[in-house]
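Numbering of the sequence shown is given in the numbering used here, commencing with residue 36 and proceeding in unit increments.
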Amino acid sequence: MIGCFFVCSMGERTSWPLILLLWGAGLGAAAQYGKISVIFDLLPQIYPDAGPALGWVVSLVGCVGILFGVVAGVVVARIRYRRAMLTALWIGAAVSLFQASLPPLPWMLLSRVVEGASHLAIVVAAPTLIAQLCAPQDRGLALTLWGTFFGVAFAVLAFAGHPLAYHWGVPALFVVHAIYMAVFAILLRIRLRALPDEGPQPVLSLSQILRDHVTIYRSPFIAAPAAGWLFYTFSFVSVLTLLPPFLDPAIRALVMTAMPLTSIAVSMTVGVALLRVVPAVRVVELGFALSALCMIWLWVMPALPMACIALAAGLGLVQGASFAAVPQLNSTAATQARANGAMAQMGNIGNTLGTPVIAMAIASAGYKALPLLVAVVLGMGFGIHLLLGFLRR
36 MIGCFFVCSM
46 GERTSWPLIL
56 LLWGAGLGAA
66 AQYGKISVIF
76 DLLPQIYPDA
86 GPALGWVVSL
96 VGCVGILFGV
106 VAGVVVARIR
116 YRRAMLTALW
126 IGAAVSLFQA
136 SLPPLPWMLL
146 SRVVEGASHL
156 AIVVAAPTLI
166 AQLCAPQDRG
176 LALTLWGTFF
186 GVAFAVLAFA
196 GHPLAYHWGV
206 PALFVVHAIY
216 MAVFAILLRI
226 RLRALPDEGP
236 QPVLSLSQIL
246 RDHVTIYRSP
256 FIAAPAAGWL
266 FYTFSFVSVL
276 TLLPPFLDPA
286 IRALVMTAMP
296 LTSIAVSMTV
306 GVALLRVVPA
316 VRVVELGFAL
326 SALCMIWLWV
336 MPALPMACIA
346 LAAGLGLVQG
356 ASFAAVPQLN
366 STAATQARAN
376 GAMAQMGNIG
386 NTLGTPVIAM
396 AIASAGYKAL
406 PLLVAVVLGM
416 GFGIHLLLGF
426 LRR
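Take a look at the structure:
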């Protein structure tokens, strides 16, 4: 294979340029979500008769993740991680180029289904490759970096993507995304080394897929990162979406910008430092506990900016350490791929359910429902990790 990089078992040194390339590919995968979100206000001009159906242009990628997250973990392990990554990047580039033609809505929706498959393959293959290509002492930092890919991509798209689409047209944004995905496909083809073969994989069939679901979610090792990730995504997305109307308008934009940046900063500093001395699951538990306490703080002192920032800090610990927990709990690339597939599945369920469930609670009980219900959900995240830790022992 082309390349000069080695799996951690084959050498002591981590190739950070390669890790950054994989992270960059992850930004492209996150943009498969974000590119539609940031231009959603422009879509009615393109599809004036679509009405509520426009919502599916955003959500279909997530629906694919809900249905096929675990399947992606199995498929990626079967067809090999390097091949899956490169194929997914090229498919992503082709789909974005097709979308730049602004096809009729049914074809746009179909393209989003294909894009969802591309997205899944990347978010399963990339962290698996990162874990295997890192020296053991660098895994915590590398996977914490990986955990920032959604936040960074959305920040970049909000800053540059919407202005690009507004001034140059929506097709320009899709073309730029297609070029980005193609560039990373070329760079990774040159630099990325295939992982060692782990032997024959099970035959892919419906019965095998069902058995894999049972195997994954019965295992306190494979399922643990995904179990916590469900409660994290449920809370994080709903808070960022529903909290702003309750904040003082004079500081609303400042607080909502600071929250995701704080989460990323704490994940990359405090989180990485903790991962060097304690297991990743303990860092996740600490993050859940602190975040739940911050929600109680927000219940006692509604919409307090300092409590919002503290909440983001606590969730930042959960963010990076959840990905770092995957290789700590699962030693082979195949089980890591399954764990990452389960994380994709649970993350999409959390993203999909969190906002509507909390919104309904607010509609019936007002602001107080937001901090109390999210505190309970975060407490459940803490509790599920304690339970699975007991089962592992």
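Backbone N, C-alpha and C fix where the C-beta goes; we use that ideal spot for every residue, glycine too.
Check                                                                                                         : Outcome
Environment of S399 [buried if 16+ CB atoms lie within 10 Å]                                                  : exposed
Cβ neighbours of V73 in the same chain (closer than 7 Å, five flanking residues each side left out)           : L192, A193, G196, H197
Cβ shell of G69 (< 6 Å), same chain only, five flanking positions each side left out                          : A188, F189, L192
V105 versus R373 - alpha carbon distance                                                                      : 6 Å
Alpha carbon of I157 to alpha carbon of C98, nearest angstrom                                                 : 16 Å
Reference V392; option with closest CA among G376, M381, V412                                                 : V412
Through-space distance from G306 to V290, alpha-carbon basis                                                  : 22 Å
Exposed unless 16 or more other CB atoms sit within 10 angstroms - verdict on I257                            : buried
8 Å Cβ cutoff met for T49 and A161                                                                            : no
Where A261 falls, given that 16 or more other Cβ within 10 Å makes a residue buried                           : buried
Buried or exposed by the 16-neighbour rule on C-beta atoms within 10 Å, applied to W142                       : exposed
Contacting residues, own chain, Cβ-Cβ under 8 Å from H248 (five flanking each side not counted)               : V105
Segment contact flag, the region 267 to 279 with the region 407 to 426, C-beta cutoff 8 Å, min 3 pairs        : yes
Spatial distance of G182 from P138 (CA atoms)                                                                 : 33 Å
Among P279, F103, W91, nearest to I344 - alpha-carbon criterion                                               : P279
Sequence-distant residues of its chain with Cβ nearer than 7 Å to A359 (five each side left out)              : R174, G175, L178, T179, L310, A315
Alpha helix (DSSP H) runs contained entirely in the region 324 to 403, provided each spans 4 or more residues : 340 to 364, 368 to 400
Three-state secondary structure assigned by DSSP to T49                                                       : coil
Residues near L282 by beta carbon distance below 8 Å, same chain, minus five either side                      : V290, M291, A338, P340, C343
A85, DSSP secondary structure in three states                                                                 : coil
Top-ranked residue by Cα proximity to V361, from A217, P206, P83, S254                                        : S254
The region 312 to 331 touching the region 368 to 387, judged by at least three CB pairs closer than 8 Å       : no
6 Å CB neighbourhood of I244 in its chain, flanking five on each side removed                                 : V106
Contact under 8 Å by Cβ, V159 with V111                                                                       : yes
Neighbourhood of R287 by C-beta, 7 Å cutoff - its chain only, sequence neighbours within 5 removed            : P279
Rounded straight-line distance, which links the Cα of L265 to that of M378                                    : 8 Å
Cβ-Cβ separation, A293 to P206 (assumed contact under 8 Å), whole Å                                           : About 33 Å; that fails the 8 Å criterion.
Span separating the alpha-carbon of I221 from that of L405                                                    : 45 Å
S254 in three-state terms, based on DSSP                                                                      : coil
Secondary structure of D173, DSSP reduced to three states                                                     : helix
Neighbour-count burial assignment, R147, 16 or more Cβ in a 10 Å radius                                       : buried
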